[in-house]
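Per the numbering used here, the sequence shown starts with residue 2, numbered consecutively.
For every residue, glycine included, the Cβ atom is placed at its ideal position computed from N, Cα and C.
These numbers come from a predicted model, not from an experiment.
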Amino acid sequence: MKKTLGATDTFFPVPAALVAGGTMAEHNVITVAWIGIVSSSPPTVGISLRKTRHSLGIIRQCGEFTVNIPPARLFAEVDYCGLVSGRDVDKFEAAGLTPTESSVVAAPIIDECPYNMECRVTGEHEIGEWVLLLGEIVETHADAEVVGADSRIDIAKLNPLVYCAAIREYWELGRKLGDGFNAGRSIHQ
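Given below as structure tokens:
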């Protein structure tokens, strides 16, 4: 028997991403779990930020941001970047993160994150106390050691940090179960 839980934001896991905005001279980073790919063509990511967030103003001013996927081992640093405001502290410095120049956008990528996406804002939509920003992905970076011979990301080597909302827990991924667009072929009709 199922138990009804009511309207909830519990959806897991989701990436625990670090989103950076600004420039190399003046930047900020924020932890974002309300994030996902919303289009393949053009490649577009959606991120939701509360209207009160310092990072929202920075991103709106520049019209660009980066999405940085941290490895699971950085869970404390990622959590820290969601606990404090960039109005009060340089989160890059305090968390020991290194801003690195991007290839296309002004916002920095984070060196300690093995996967980074450079994005240009293409739209926004207000939802209650949140703003959904759409960012076209204009460049992607990956550390060489997480890229396989077939030029695909090796998820085991990346070991991305994931977040489980509502229960407020960070996790890392487990083992591979199968290949998408193939595993279901074993089911006969």
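Note to self: Buried or exposed, going by whether 16 or more other CB atoms sit within 10 Å of the CB of Ile168?
What the structure shows: In the sequence shown, counting from the first residue as 1, residue 168 sits at position 167. With fewer than 16 neighbouring CB atoms inside 10 Å of its own CB, Ile168 falls in the exposed class.
Next item on the list: Tell me Thr67's beta-bridge partners as DSSP assigns them.
Entry: As a first step, residue 67 is located in the sequence shown; it is residue number 66 there, counting from the start. Answer by DSSP bridge pairing, in chain order: Ala21, Glu119.
Next item on the list: Please name the residue, chosen from Val163, Gly175, Asn183, that lies closest to Val15 on a Cα-to-Cα basis.
Entry: Translated into the one-based positions of the sequence shown, residue 15 becomes position 14. Put simply, of Val163, Gly175, Asn183 the residue whose alpha carbon is nearest the alpha carbon of Val15 is Val163.
Note to self: Relative to the C-alpha of Leu57, which candidate in Pro109, Leu134, Thr123 has its C-alpha closest?
What the structure shows: To locate residue 57, count along the sequence shown from 1; it is residue 56. If we check each option's Cα against that of Leu57, Leu134 comes out closest.
Next item on the list: State the beta-bridge partners of Tyr171 as determined by DSSP.
Entry: In the sequence shown, residue 171 corresponds to position 170, counting from 1. Partner(s): Tyr164.
Checklist line | Buried or exposed by the 16-neighbour rule on C-beta atoms within 10 Å, applied to Lys52 | finding: The sequence position of residue 52 within the sequence shown is 51, counting from 1. Counting Cβ neighbours within 10 Å, Lys52 comes out exposed, since fewer than 16 surround it.
Margin query: Using a 10 Å radius around the Cβ and a threshold of 16 neighbouring Cβ atoms, would you call Ile38 buried or exposed?
Written below: Here residue 38 refers to the residue found at position 37 when the sequence shown is read from its first residue. Residue environment for Ile38: exposed (fewer than 16 other C-beta atoms within 10 angstroms of its C-beta).
Next item on the list: Give the range of the alpha helix (DSSP H) segment to which Leu178 is assigned.
Entry: For the purposes of this step, residue 178 is taken as the residue at position 177 of the sequence shown. It is not in any alpha helix (DSSP H) - Leu178 carries neither H nor E in the DSSP assignment.
Checklist line | Beta-bridge partners of Val110, as assigned by DSSP | finding: Within the sequence shown, numbered from 1, the residue matching residue 110 stands at position 109. Going by the sequence as given, residue 110 is Ile instead of Val. Listed as beta-bridge partners of Ile110 by DSSP are Thr101.
Next item on the list: State the DSSP-derived secondary structure class of Trp126, mapped to helix, strand or coil.
Entry: For this step, residue 126 is matched to residue 125 along the sequence shown. Checking the sequence shown, residue 126 turns out to be His, not Trp. Looking at His126 - three-state DSSP - the assignment turns out to be strand.
Checklist line | Those runs of the alpha helix (DSSP H) which lie wholly inside the region 130-163 and span at least 4 residues | finding: Residue ranges of uninterrupted alpha helix (DSSP H) with 4 or more members, entirely inside the region 130-163 and ordered along the chain, are 156-159.
Check: Per DSSP, Arg51 is paired with what?
Finding: If you number the sequence shown from 1, residue 51 lands on position 50. Answer is Trp131.
Check: Which word fits Ile138, buried or exposed, when buried means at least 16 other C-beta atoms lie within 10 angstroms of its C-beta?
Finding: Taking the first residue of the sequence shown as 1, we reach residue 138 at position 137. Answer is buried; the Cβ neighbour count reaches 16.
Item checked: Given 8 Å, three or more beta-carbon pairs between the region 70-81 and the region 38-48 -> The region 70-81 vs the region 38-48: no contact.
Check: Nearest to Thr9 by alpha carbon, out of Cys165, Arg176, Ala150?
Finding: Residue 9 sits at position 8 when you count from the first residue of the sequence shown. Cα-wise, what sits closest to Thr9 is Cys165.
Check: Rounded to a whole number of angstroms, what is the C-alpha to C-alpha distance between Ser86 and Ser152?
Finding: Taking the sequence shown and counting its residues from 1, one reaches residue 86 at position 85. Taking the sequence shown and counting its residues from 1, one reaches residue 152 at position 151. Distance from the CA atom of Ser86 to the CA atom of Ser152, rounded to whole angstroms, is 37 Å.
Margin query: Closer than 6 Å to a non-hydrogen atom of the ligand ATP - does that hold for the CB of Arg74?
Written below: No copy of the ligand ATP occurs in the structure displayed, which carries no ligand at all.
Notebook entry, point to check: So what does DSSP say about Val33, is it helix, strand or coil?
Noted result: Along the sequence shown, read from residue 1 onward, the residue named residue 33 stands at position 32. Val33 falls in the strand class under three-state DSSP.
Checklist line | DSSP beta-bridge partners of Val46 | finding: The count along the sequence shown starts at 1 and reaches residue 46 at position 45. For Val46, DSSP records a beta bridge to Ile38, Gly136.
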